[in-house]
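For the sequence shown, position 84 matches number 84 in the UniProt record's numbering, and the numbering has no gaps at all.
Using N, Cα and C, we set each Cβ at its ideal position, and we do this for glycine too.
Owing to the predicted nature of the structure, the values given are computational and were not obtained by experimental measurement.
I have placed the structure first, in the form of structure tokens, so that the comments after it can refer back to it.
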Amino acid sequence: MQVALILHRACKGHDDFIARMGGDEFIIVGERATVQEIEALMVNIDGLTNQHNLEEKADYPLLISMGYSVLSQQDTLDSFLAAADRRMYANKQQRKQLRTNAARPS
């Protein structure tokens, strides 16, 4: 529920469609003119997630891994979603590595 609220807040002011794909996976379908606009949305989601974690002080922080895909005329729905999935798993791996490095004593 918290993730849905964060996504809704991040997309405020845009005509985006937000849907739960299943389990803990969500999709945002919207028009962004550039990859930079997509990345700005992702930064906004990160910021709102961090804000939520600071305010809630839960035992386990909320973590969101994100990926995106830009639709081309050659894409099928499956290839479009697969590209976003690949980016999401790369993002998840990168975040895991950052947490591992941060936990290591210097």
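{"Query": "Once you ignore the five residues that flank A90 on each side, which residues in its own chain have a CB closer than 8 Å to its CB?", "Result": "G67"}
{"Query": "For R87 and N53, I'd like the C-alpha separation in whole angstroms.", "Result": "24 Å"}
{"Query": "Going by the CB atoms, is the gap between F80 and S69 shorter than 8 Å?", "Result": "yes"}
{"Query": "What residue ranges within the UniProt domain \"GGDEF\" (1 to 105) form continuous alpha helix (DSSP H) runs of no fewer than 4 residues, ordered along the chain?", "Result": "2 to 10, 35 to 56 and 77 to 103"}
{"Query": "Which residue from F17, D16 and G23 puts its Cα closest to that of M1?", "Result": "G23"}
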